[in-house]
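Going down the list, the sequences are from chains A and Z. Residue numbers for the first sequence follow my numbering, so the first one is 1 and each next one is one higher. Residue numbers for the second sequence follow my numbering, so the first one is 156 and each next one is one higher. Glycine residues also receive a C-beta, built at the ideal position from the N, C-alpha and C atoms. It should be emphasised that the depicted structure is a prediction, and the values quoted were computed from it without experimental measurement. Here is the structure we will look at.
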Amino acid sequence: MARFNLNINGTQREVEADPSTPLLWVLRDHLKLVGTKYGCGIAVCGSCNVHLNGTVVRSCSLPVSTVGNQEITTIEGLSENGDHPVQKAWLEEDVPQCGYCQPGQIMTAAALLKQNPNPSDTDIEMAMNGNICRCGTYVRIKKAVKRAAENQSEA
Amino acid sequence: MTLVKTKIGRRAFIRNSGLAGGGLVLGFSWLASCKDEAAVKATLAMPDEWFEINGFLKIGDNGVVTVMSPNPEIGQNVKTAMPMIVADELDTDWDNVIVEQAPLNTDIFTRQLAGGSQSIRQGWNGLRMAGATARTMLKEAAAAAWQVPVAEIITAAGVLSHEASGNSAGYGEMASAAAALEVPEEVKFKDIEEFTIIGTDRKNVDGKAIVTGKPLFGLDVQKEGMLIAMIVHPPAFGMTFKSADVESVKTMPGIKDAFPIVVYPEGAERQWSDGGAIPEMVAIVGENTWQCLQAKKSLKASWEAPDKLESTSDHESGLAELLAKAPEQPARRDGNPEKVFAGAAKVIESTYSAPYLAHNCMEPMNFYAHVTPDKAELLGPTQTPEFLENTLASVLEMPKEKIDIMMTRMGGGFGRRLYSTFAVEAAMISKKMQAPVKLVYTREDDMSQGTYRPSYMVKYRAALDEEGNLVAWHVRAAGTNDGRVFENRFPAGALDNFLAESHMMPTQVTTGAWRAPLSNFMAGAENAFLDEVAEAAGKDPIDFRLELFDRAINNPVGDPEKNDYDPVRYAGVLKLVREKANWDAGAPDGKGRGVSAYYCHNSYVAQVLDLQMEGNEPRIDKVWCAVDCGIVINPLSARNQIEGGIVDGIGHVTYSALTFQNGKPEQTNFDRYRLIRHAEAPKEIETFFVDNGIDPTGLGEPSLPPISGALANAMYQATGTRYYHQPFVGSQQDRRILG
Numbered sequence: 001m002a003r004f005n006l007n008i009n010g011t012q013r014e015v016e017a018d019p020s021t022p023l024l025w026v027l028r029d030h031l032k033l034v035g036t037k038y039g040c041g042i043a044v045c046g047s048c049n050v051h052l053n054g055t056v057v058r059s060c061s062l063p064v065s066t067v068g069n070q071e072i073t074t075i076e077g078l079s080e081n082g083d084h085p086v087q088k089a090w091l092e093e094d095v096p097q098c099g100y101c102q103p104g105q106i107m108t109a110a111a112l113l114k115q116n117p118n119p120s121d122t123d124i125e126m127a128m129n130g131n132i133c134r135c136g137t138y139v140r141i142k143k144a145v146k147r148a149a150e151n152q153s154e155a
Numbered sequence: 156m157t158l159v160k161t162k163i164g165r166r167a168f169i170r171n172s173g174l175a176g177g178g179l180v181l182g183f184s185w186l187a188s189c190k191d192e193a194a195v196k197a198t199l200a201m202p203d204e205w206f207e208i209n210g211f212l213k214i215g216d217n218g219v220v221t222v223m224s225p226n227p228e229i230g231q232n233v234k235t236a237m238p239m240i241v242a243d244e245l246d247t248d249w250d251n252v253i254v255e256q257a258p259l260n261t262d263i264f265t266r267q268l269a270g271g272s273q274s275i276r277q278g279w280n281g282l283r284m285a286g287a288t289a290r291t292m293l294k295e296a297a298a299a300a301w302q303v304p305v306a307e308i309i310t311a312a313g314v315l316s317h318e319a320s321g322n323s324a325g326y327g328e329m330a331s332a333a334a335a336l337e338v339p340e341e342v343k344f345k346d347i348e349e350f351t352i353i354g355t356d357r358k359n360v361d362g363k364a365i366v367t368g369k370p371l372f373g374l375d376v377q378k379e380g381m382l383i384a385m386i387v388h389p390p391a392f393g394m395t396f397k398s399a400d401v402e403s404v405k406t407m408p409g410i411k412d413a414f415p416i417v418v419y420p421e422g423a424e425r426q427w428s429d430g431g432a433i434p435e436m437v438a439i440v441g442e443n444t445w446q447c448l449q450a451k452k453s454l455k456a457s458w459e460a461p462d463k464l465e466s467t468s469d470h471e472s473g474l475a476e477l478l479a480k481a482p483e484q485p486a487r488r489d490g491n492p493e494k495v496f497a498g499a500a501k502v503i504e505s506t507y508s509a510p511y512l513a514h515n516c517m518e519p520m521n522f523y524a525h526v527t528p529d530k531a532e533l534l535g536p537t538q539t540p541e542f543l544e545n546t547l548a549s550v551l552e553m554p555k556e557k558i559d560i561m562m563t564r565m566g567g568g569f570g571r572r573l574y575s576t577f578a579v580e581a582a583m584i585s586k587k588m589q590a591p592v593k594l595v596y597t598r599e600d601d602m603s604q605g606t607y608r609p610s611y612m613v614k615y616r617a618a619l620d621e622e623g624n625l626v627a628w629h630v631r632a633a634g635t636n637d638g639r640v641f642e643n644r645f646p647a648g649a650l651d652n653f654l655a656e657s658h659m660m661p662t663q664v665t666t667g668a669w670r671a672p673l674s675n676f677m678a679g680a681e682n683a684f685l686d687e688v689a690e691a692a693g694k695d696p697i698d699f700r701l702e703l704f705d706r707a708i709n710n711p712v713g714d715p716e717k718n719d720y721d722p723v724r725y726a727g728v729l730k731l732v733r734e735k736a737n738w739d740a741g742a743p744d745g746k747g748r749g750v751s752a753y754y755c756h757n758s759y760v761a762q763v764l765d766l767q768m769e770g771n772e773p774r775i776d777k778v779w780c781a782v783d784c785g786i787v788i789n790p791l792s793a794r795n796q797i798e799g800g801i802v803d804g805i806g807h808v809t810y811s812a813l814t815f816q817n818g819k820p821e822q823t824n825f826d827r828y829r830l831i832r833h834a835e836a837p838k839e840i841e842t843f844f845v846d847n848g849i850d851p852t853g854l855g856e857p858s859l860p861p862i863s864g865a866l867a868n869a870m871y872q873a874t875g876t877r878y879y880h881q882p883f884v885g886s887q888q889d890r891r892i893l894g
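So, in structure tokens, the structure goes:
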């Protein structure tokens, strides 16, 4: 067991955990931030996506010992009132069915738009391709990403 | 208005009023973790007092209404749609409605089950009754207060008014008096034209909580003193538990205990919802998930194996052998098909097959359980809480009154959570530990301990006469653990000579309902075969089907009551999709276009699909989908269900398969089990609903089955090759590297 000081959603959080523990389980079990989801545990489904210094990472495969004081943003910290342009677009397009994969989808989309504010359809497909949605909401997700891009450019 | 006898039971009402303290609701007994009141309070002013009118709804003194959503929510969006029906008959403003998930309560609710696309169809009258009863009681309360005839009182958007006297009051003002009234003996339902909420686009009531990552799901449950539990189950179907070195993992960091556990003791009653149950396994209980995972990984266990463990090649050869022979009895036989086939000008024959599929809900199986000698409290994702309660009563030897079951929102269902054996495992582990536990399956547990979609094979034969008319039809189906053929579905009833036969191949691999059971395979095979027969007959595939429907409409074969479809509605969706897709103009240059239609789960669907091939993979430009499900409760989410079913259907038929080697699933995670991803989804899906005012039917399943037929037919148009065996593209070798 070791102590880690993590910078999560703009707050310093201290946790005691086995150094090999993936960030996903530190978030979910130790910090009770359960918005980040477990889907596969092997970095192929995207349900656990969070931002590390603004870049998307798979938290299920990132040992807590490697995080240091880098900035971690989870779905809970993406916006204060759930009004990030991507979250708003998701609601406007009524994207979710079961909703389980959507925090991961939203984190991926938010990182994409930060890097590429006006993505093409192909840009969206390539950026989002690592996020599985078992309910098949892909068509609405693409619409929502486009809408978020529009909302962002109007804001 | 339609006058109907009230069916909200006196017993339920009294019991519920008692619980509520004589009309005044002091607080529901629902487990608090499933409420999202904090989020609600931010947008809606909370009343000081709630008044319960019936088990479905309570009204606050300020007019805010809480509607209980009775059925499990697996992503089919009943949590929005079912309360919409109540609220419409109550005649309140949707913006004033809070929705809460109801727990299992068989005194108040009937059929609290998510399956068969039946929630809306079977809930329709009861939900209307709940709203209409409350509205009547509010009117009666107002009539008494104002001393005017109740018939003169009208309601609109949560307001009661009486024109002659000039009186008016919000529902909140009359809620206290209404809650004290007797339940009326009969109530009036609205006419369709009077609906103000049903038929309008309403957003998912949990949308905000979903996009902000609120703890909605079973896996998110956190409770005081809760431990994490994991299981180690036999690695292969057919194997059973022998022994395990539990002592060596007990000393690992954070591990509280490890033990073999009998989940279904001898003599415990098993029912269909216990399908796939493994009677004995190893449980590991610890402080957190990662510690349990480490212990699970290092556990050494041994298993008893039978003489023969099954592999996919066994299933395939077994099904093929069955298809080669006739069963003892046909499922349906009209006319003299054997004679007509023997004398036919042309016989077309094709065989189709499909592999096992795992459900792969994105949220792996899990359940919270706290079992003490006096009480069992369960919380988590189940599609069948009522059946789960029966099983728990048996294995825990506890009366049902002492068992509380609450459903969380579910990260997908697709039929997997009809079989809640994981909840039974959680309860037995909690009982042994004398502590609250949350059982968590890893993805590997989830995929390798399934109640899979069976593996299928079906052979179709069609006889054409000299003029190219279809004169006889023969279908022979075989499935692993599934021996059905839907003998009364189309084209039964449209052909004088018809033969339907089926075989079941018993296997060790456990199977169960998977989104649109059996239809998910038969619809595609049948529509691909119809396409092949239409081509052989020299007819347009839609004209060809419409001719058959004409026969079924004008002069049906056999008892029309027995034929399990309405040919007018079936033909209706085909005609609608023909028009909307501009079918007669044909596919644009370089593209393939296919059509398909199917009826299952009480709804009718027809689809046209355009694609182009990129190597051996289809790239789908557009799907047009015509749907007849009667009244559409919430078009916004109805379209979502249709779109999801289409993407899901395309994905599985193109890419997915679960194969076995000596009883072991060869795919245990998404690195080897291929699911459809963003870039492979259709670019566009357009849905059209038939507007006919017929009582509503469900949409969770019906759009999935036919799409594989439209896809296969479009791929044939683009490539000149017929696709008979699923998955069409398949294996992992040629999958693209993913980010």
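Out of the options, point me to the one whose CA is closest to residue i's CA.
i                      : options                       : result
residue 908 of chain Z : Z:257, Z:558, Z:272 and Z:331 : Coverage of chain Z is limited to positions 156 through 894, which leaves residue 908 of chain Z absent and any answer about it impossible.
residue 846 of chain Z : Z:728, Z:398 and Z:612        : Z:728
residue 779 of chain Z : Z:420, Z:742 and Z:807        : Z:742
residue 597 of chain Z : Z:326, Z:397, Z:767 and Z:444 : Z:444
residue 220 of chain Z : Z:201, Z:227 and Z:233        : Z:201
residue 363 of chain Z : A:56, A:96 and A:108          : A:96
residue 266 of chain Z : Z:278, Z:562 and Z:626        : Z:278
residue 388 of chain Z : Z:586, Z:420, Z:605 and Z:207 : Z:605
residue 467 of chain Z : Z:819, Z:824, Z:236 and Z:855 : Z:819
residue 310 of chain Z : Z:281, Z:349, Z:377 and Z:299 : Z:349
residue 875 of chain Z : Z:372, Z:746 and Z:790        : Z:746
residue 20 of chain A  : A:59, A:91, A:48 and A:7      : A:59
residue 3 of chain A   : A:10, A:27 and A:15           : A:15
residue 247 of chain Z : Z:536, Z:326 and Z:661        : Z:326
residue 43 of chain A  : A:130, A:135, A:106 and A:139 : A:130
residue 732 of chain Z : Z:764, Z:692, Z:714 and Z:756 : Z:764
Beta-carbon of residue i versus every beta-carbon of chain Z: anything under 8 Å?
i                      : result
residue 137 of chain A : yes
residue 96 of chain A  : yes
residue 132 of chain A : yes
residue 59 of chain A  : no
residue 67 of chain A  : no
Enumerate in chain order the residues of its own chain whose CB-to-CB distance from residue i is below 8 Å, with the five nearest sequence positions on each side excluded.
i                      : result
residue 502 of chain Z : 496, 616, 617, 618 and 619
residue 295 of chain Z : 305, 333, 336 and 339
residue 118 of chain A : 149 and 153
residue 592 of chain Z : 381, 382, 383, 384, 440, 523, 524, 525, 581, 584 and 585
Determine, for residue i, whether the minimum Cβ-Cβ distance to residues of chain A falls below 8 Å.
i                      : result
residue 784 of chain Z : no
residue 857 of chain Z : no
residue 565 of chain Z : yes
residue 189 of chain Z : Confidence in residue 189 of chain Z is poor, its pLDDT being 36 and thus under 50, which makes the residue's placement unreliable; the coordinate value appears in the next sentence. Chain A contact via Cβ: absent.
Can you list, in chain order, the residues of its chain whose CB lies under 7 Å from that of residue i, leaving out five sequence neighbours each side?
i                      : result
residue 701 of chain Z : 726 and 729
residue 301 of chain Z : 317, 320 and 322
residue 542 of chain Z : 426 and 428
Residues of the stretch 17-32 of chain A whose Cβ lies closer than 8 Å to any Cβ of chain Z, in chain order: 17, 18, 20, 21, 22, 25, 28, 29, 30 and 32
Runs of beta strand (DSSP E) wholly within the stretch 586-637 of chain Z (minimum 3 residues, chain order): 592-595, 611-619 and 625-635
Proximal residues, the stretch 98-114 of chain A versus chain Z, C-beta separation under 7 Å: Contact residues of the stretch 98-114 of chain A toward chain Z are 98, 99, 100, 101, 102, 103 and 106 (C-beta to C-beta distance below 7 Å).
Where the stretch 824-839 of chain Z meets chain A: residues whose CB sits under 9 Å from a CB there: Result list: 824, 825, 826, 830, 831, 832, 833, 834, 835, 836, 837, 838 and 839.
Complete beta strand (DSSP E) runs within the stretch 49-100 of chain A (minimum length 3 residues, chain order): 49-52, 55-58 and 71-73
Contact residues within the stretch 117-128 of chain A, judged by C-beta distance below 9 Å to chain Z: 121, 122, 124, 125, 126, 127 and 128
Where the stretch 778-804 of chain Z meets chain A: residues whose CB sits under 8 Å from a CB there: 791, 792, 795, 796, 798, 799, 800, 801, 802 and 803
Interface residues of the stretch 43-54 of chain A facing chain Z [CB-CB below 7 Å]: 44, 45 and 47
Unbroken stretches of the alpha helix (DSSP H), 4 residues or longer, contained in the stretch 516-591 of chain Z: 540-550 and 576-588
Whole beta strand (DSSP E) elements within the stretch 449-485 of chain Z, 3-residue minimum: 456-459
Positions along the stretch 369-396 of chain Z whose CB lies within less than 8 Å of some CB in chain A: 369, 370, 371, 372, 374, 375, 377 and 383
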